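Going down the list, the protein sequences come from chains H and P. In this note's numbering, each number is its position in the first sequence, counted from 1, plus 720. In this note's numbering, each number is its position in the second sequence, counted from 1, plus 720. C-beta: ideal position from N, C-alpha, C; glycine also. Small disclaimer: the values here were computed from a predicted structure and weren't measured. Okay, structure first, notes after.
Number of protein chains: 2
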Amino acid sequence: MNMTTGNRDAMLALGAEARKAAKALALAAAEQKNRALNAMAAAIRASAAHIAEENVRDISAAQSKDLKDSFLDRLTLTPSRIEAMAKGLEDIAALPDPVGEVMTHWTRPNGMVISRVRVPIGVIGIIYESRPNVTADAGALCLKSGNAAILRGGSDGFRTSAAITACLQQGLREVGLPETAIQMVPDSDRASVGLMLEGLGGTIDLIVPRGGKSLVARVQKDARVPVFSHLEGICHVYVDKAADLHMAEKIVLNAKMRRTGICGAAETILIDSAAPAFLKPIIRTLIDAGCAVRGDRAAQAEDSRVTPATEEDWSTEYLDAIVTLGVVDGVDGAIAHIARHGSQHTDSIVTADTATAEKFLREVDSAIVLHNASTQFADGGEFGFGAEIGIATGKLHARGPVGLEQLTTFKYQIRGAGQVRA
Amino acid sequence: MNMTTGNRDAMLALGAEARKAAKALALAAAEQKNRALNAMAAAIRASAAHIAEENVRDISAAQSKDLKDSFLDRLTLTPSRIEAMAKGLEDIAALPDPVGEVMTHWTRPNGMVISRVRVPIGVIGIIYESRPNVTADAGALCLKSGNAAILRGGSDGFRTSAAITACLQQGLREVGLPETAIQMVPDSDRASVGLMLEGLGGTIDLIVPRGGKSLVARVQKDARVPVFSHLEGICHVYVDKAADLHMAEKIVLNAKMRRTGICGAAETILIDSAAPAFLKPIIRTLIDAGCAVRGDRAAQAEDSRVTPATEEDWSTEYLDAIVTLGVVDGVDGAIAHIARHGSQHTDSIVTADTATAEKFLREVDSAIVLHNASTQFADGGEFGFGAEIGIATGKLHARGPVGLEQLTTFKYQIRGAGQVRA
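Below is the structure:
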């Protein structure tokens, strides 16, 4: 940390501005926020050429470094990706506003009516890697949920993010909302992240990291404010002896191979020891689809293409066309295996036996547990949340997909007629 | 921190035991937990004499120190306080079990049914001062909500708490639940608190401090795991020009004077500058009831017994028969004053004007906001929660009274029929 005093002061001032903006946003009408989002989309479309130019400059600078292709791909904005970003803002405008919703209310014997009403959290810090689209997504989700956003993107995407942020702020200005509702951390030195993780002088209420494991691990380790995140998704599919084999093959294949790089992709397939006949077809289905299978002895014995799984494999998030596969003793064995090796993210059972399924759904302590469905449904959109800023595996407040509702909190409003306490 | 390796290992082992017990508790039936609570109550009644003896030993040791009378009072268990503790356990047994409740559920277009189901948080650490009754209260609330409890009470009440914990564990044993579901930290050196605040090797999910400001401040400052707490309750009553004066006097008096030592007691009374006639009767009501009034110039001008309020007074939680009183410019002035000086705990408006009241309820960013009712309703029992472990002023997960529901989290259970993601 060799942040200069000037930078530190600038960061604290930015936090103070965000706190001020949050107060205005908390009271902004849905209609005004939606107009802002639509104006942002228009500004992004109008600035598409400029955003693309800035993106090219970012990419050129990044190419001189020794970066992975996947990194450069995420950094790159094509015209269709810019349009998708604008469309994403309009989609968020079309979602219902969570703020002000009366979540529940009841009347006390003395006549007081207690309501639990949804309100914004306040100021949310988003720390992300060089994925320019997160700038628009995260800014928009925070705005819609009535929160001010402090965005700190990866330095390799700085110019692109700055061009996008300018569009977001233009949208805010056009409808009379404070443009400090969405701010970008100006410098890209690492000390600004440290300050954000400390809460930026008490101005940040929540941090959401978006990026790879090392970023999330650092945020989880160092943050002194609440964090919504998941470090990894070691998701399991357990195929019970009472499963329909055809359904099991379909779910296993989808859970593992539909997209291998997302956190809801399955990394381990567990098969009931009472259904040895399931091994061969499930292994074949995976290998035929181009998936490398690492297995226990039983799996290896069924198919010579299965390589031995090490102890580490059972706790590995491959995010690739690789899977660990083995046999467990029934649903209890599966539950014990998941408790030991899982990451409390998403786990699924395939079975036609309802009692077995209910046991699994009850006893597996993960954010999302499924019966006869693919783990790849672990996604805010698939839940019907409309948009998500990530998946949380922590236990408090947000667990599972983090959408607009999860970016709010509540307060109690009590309406009385002069009641005093006895 | 001069904890020996032995103590550290013992603490970590205790955490691991709690984690194991939490798994069993999460699946325990309501009926079994309730039988345990009733057995605990019976054990406390049967051991009343022993508990009282241990309490006398604690008090004797404490009397040799220079402790406040209020401290000794909280440490002291009379026969009626022991009976109240047993009765409290039975009351918690009679409350509905929050675990397993389906909070909401919906069906996706593809036929999957998504349910949000209440589950326990896991392991809760309670750090409290020398108030032996917290041992029973906190242990019982954690048990009923399916959580394992690690109790760390003040050293001056160690013997009493140990005697109570033995009764709680006896109740657990009698119904076949692990007695490690409620554990007491064995030694009373401060390093054990430090270990708990770090999360005890990843075994503690949540810390709840119970005690005075210095304890809560330390926990808030050093905890690396989530904390449900409030540092102070600087609660306001704003009397609007449209208030019924009689109602205002009644609410002000109750909010300040019913009990002055609780966090929901009012510390500041704000009066609308458009209603100067309210000042004199409200000040008189307070002073007649034995309350010292510190006021701004307007208040001082109305009554010579009003002493000048310093800048610090407006942000002081007296917890005593002292109040700060002054004039603000209407509801906007009140909202601004509360934003500046309040503690986001509990604030009330007295007015007959519904629009003004709604503005206050909407704009004051506190856990609890009231219209025409006393701030002393800031209490889980008064909310109908049955029992509470405290009030939280943090924004995430629990805000306001922390009862059984707030000691739970949720997971998503998805029931499908073979759905895979497109």
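Query raised in the report: DSSP state of MET721 of chain P, grouped into three classes?
Result: Here MET721 of chain P scores only 42 on pLDDT, less than 50, and its place in the model should not be relied on; the value that follows carries that caveat. The three-state secondary structure of MET721 of chain P, taken from DSSP, is coil.
Requested in this report: Check the Cβ-Cβ distances between MET721 of chain P and every residue of chain H, and say whether any is below 9 Å.
Outcome: The pLDDT assigned to MET721 of chain P is 42, lower than 50, so where the model puts this residue is not dependable, and the model offers no usable value.
Requested in this report: Tell me, please, whether the segment 773–787 of chain H touches the segment 1092–1111 of chain H by the rule of three or more beta-carbon pairs shorter than 8 Å.
Outcome: They do not touch, by the three-pair rule.
Query raised in the report: Taking the alpha-carbon positions, what's the VAL854 of chain P to ALA937 of chain P distance?
Result: Their backbone Cα atoms lie some 19 Å apart in a straight line.
Query raised in the report: Which residues, taken in chain order from the segment 842–875 of chain P, show a beta carbon closer than 8 Å to some beta carbon of chain H?
Result: So the list reads GLY842, given in the order they occur along the chain.
Report task. Compare the C-beta of VAL839 of chain H with all C-beta atoms of chain P and state if any pair is closer than 9 Å. Result -> By this cut-off, VAL839 of chain H is an interface position.
Query raised in the report: Count the other CB atoms within 10 Å of the CB of SER912 of chain H; is the residue buried (16 or more) or exposed (fewer)?
Result: By the 10 Å Cβ count, SER912 of chain H comes out buried.
Query raised in the report: Quick one: what's got a C-beta closer than 6 Å to GLY874 of chain H's C-beta in the same chain, skipping five residues either side?
Result: Only GLU849 and SER850 meet the Cβ criterion.
Requested in this report: Determine the direct distance from the alpha carbon of LEU926 of chain H to that of PRO898 of chain P, and round the result to whole angstroms.
Outcome: Rounded to the nearest angstrom, the two C-alpha atoms are 36 Å apart.
Query - Reference GLU894 of chain P, options P:ALA736, P:ILE1007, P:VAL1051 and P:ALA762, closest by Cα - result: Among P:ALA736, P:ILE1007, P:VAL1051 and P:ALA762, the Cα nearest to that of GLU894 of chain P belongs to P:ALA762.
Query raised in the report: Just checking my contact of PHE1130 of chain P with MET832 of chain P at CB under 8 Å: how many whole Å lie between their CB atoms?
Result: 17 Å between Cβ atoms; not a contact.
Query raised in the report: Mind checking if TYR1132 of chain P is an interface residue toward chain H, Cβ cutoff 9 Å exclusive?
Result: Taking 9 Å as the threshold, the shortest C-beta distance from TYR1132 of chain P to chain H falls below it.
Requested in this report: Give, in chain order, every unbroken run of the beta strand (DSSP E) that is at least 3 residues long and sits entirely within the segment 1035–1095 of chain H.
Outcome: Listed in chain order, the complete beta strand (DSSP E) runs (minimum 3 residues) inside the segment 1035–1095 of chain H are 1042–1048, 1066–1070 and 1088–1093.
Query raised in the report: Using a beta-carbon distance below 9 Å, is ILE1002 of chain H in contact with chain P?
Result: With 9 Å as the cut-off, ILE1002 of chain H does not count as an interface residue toward chain P.
Report task. Report the rounded CA-to-CA distance for ALA1107 of chain H versus SER881 of chain H, giving the unit in angstroms. Result -> Distance between the alpha carbons of ALA1107 of chain H and SER881 of chain H is about 20 Å.
**Report entry** Close beta carbons around ASN722 of chain P, own chain, < 6 Å, minus the five adjacent residues each side
**Finding:** Its pLDDT being 48, under 50, ASN722 of chain P is placed unreliably in this model, and the value from its coordinates should be taken loosely. If we look at ASN722 of chain P and ignore the five residues flanking it on each side, it has no Cβ neighbours.
**Report entry** Same chain only: Cβ atoms within 6 Å of LEU917 of chain H, ignoring 5 sequence neighbours per side
**Finding:** Closer than 6 Å at Cβ, skipping near neighbours: ASP942 and ALA943.
Query raised in the report: So, helix, strand or coil for LYS807 of chain H, using DSSP?
Result: Three-state result, LYS807 of chain H: helix.
Query raised in the report: Is GLU803 of chain P near ALA768 of chain P, with beta carbons less than 9 Å apart?
Result: In this structure, ALA768 of chain P lies closer than 9 Å to GLU803 of chain P by Cβ.
Report task. Ignore the nearest five residues each way along the sequence and tell me which others in ARG739 of chain H's own chain have a CB closer than 8 Å to its CB. Result -> Non-local beta-carbon contacts of ARG739 of chain H in its own chain, meaning distances under 8 Å to residues more than five positions away in sequence, involve GLY842, VAL843, ALA868 and THR923 in chain order.
Requested in this report: Take SER865 of chain P as the anchor and find which of P:PRO840, P:ALA730 and P:GLN889 has the nearest alpha-carbon.
Outcome: Among P:PRO840, P:ALA730 and P:GLN889, the Cα nearest to that of SER865 of chain P is on P:PRO840.
**Report entry** Cβ-Cβ distance between LEU892 of chain P and LEU871 of chain P below 9 Å
**Finding:** In this structure, LEU871 of chain P does not lie closer than 9 Å to LEU892 of chain P by Cβ.
Query raised in the report: Can at least three beta-carbon pairs, one atom from the segment 1011–1028 of chain P and one from the segment 952–966 of chain P, be found at a separation below 8 Å?
Result: No, the segment 1011–1028 of chain P is not in contact with the segment 952–966 of chain P.
Query raised in the report: Can you tell which of P:ALA730, P:ARG979, P:LEU1090 and P:THR798 has its C-alpha closest to the C-alpha of TYR1038 of chain P?
Result: Put simply, of P:ALA730, P:ARG979, P:LEU1090 and P:THR798 the residue whose alpha carbon is nearest the alpha carbon of TYR1038 of chain P is P:ARG979.
Query raised in the report: Rounded to a whole number of angstroms, what is the C-alpha to C-alpha distance between GLY1062 of chain P and CYS955 of chain P?
Result: Going by the C-alpha atoms only, they are around 7 Å apart.
Report task. On a CA-only basis, which of H:ILE779, H:LEU757, H:ASN775 and H:GLU821 is nearest THR1128 of chain H? Give me that one, please. Result -> Out of H:ILE779, H:LEU757, H:ASN775 and H:GLU821, H:GLU821 has the C-alpha closest to the C-alpha of THR1128 of chain H.
Query - Between the CA atoms of PHE948 of chain P and THR1113 of chain H - distance to the nearest angstrom - result: Separation of THR1113 of chain H and PHE948 of chain P (C-alpha to C-alpha, rounded to the nearest whole angstrom) is 19 Å.
Query raised in the report: When you check each C-beta in the segment 1047–1061 of chain P against every C-beta of chain H, which residues fall closer than 9 Å?
Result: If the cut-off is 9 Å between Cβ atoms, the segment 1047–1061 of chain P has ALA1059 near chain H.
**Report entry** Residues in the segment 960–984 of chain P having any Cβ partner in chain B nearer than 7 Å
**Finding:** Within the model displayed, chain B is absent; protein chains H and P are what it includes.
Query raised in the report: Taking 9 Å as the CB-CB limit, is LYS933 of chain H close to chain P?
Result: Chain P has no Cβ within less than 9 Å of the Cβ of LYS933 of chain H.
Query - Ordered list of alpha helix (DSSP H) runs contained in the segment 728–813 of chain H, each at least 4 residues - result: Listed in chain order, they are 750–766, 768–783 and 789–795.
Query raised in the report: What does DSSP give as the partner residues of THR1129 of chain P in its beta bridges?
Result: Partner(s): P:VAL839.
Query - Assumed close pair HIS1065 of chain H, ALA1077 of chain H - CB separation to whole angstroms, cut-off 8 Å - result: That belief does not hold up - the Cβ atoms of HIS1065 of chain H and ALA1077 of chain H are roughly 19 Å apart, past 8 Å.
Query - Interface flag, ALA804 of chain P vs chain H, CB-CB below 9 Å - result: Proximity of ALA804 of chain P to chain H, defined by a Cβ-Cβ separation below 9 Å, is not satisfied.
Query raised in the report: How far does the alpha helix (DSSP H) with LEU917 of chain P in it reach, from first residue to last?
Result: That run of the alpha helix (DSSP H) goes 911–917.
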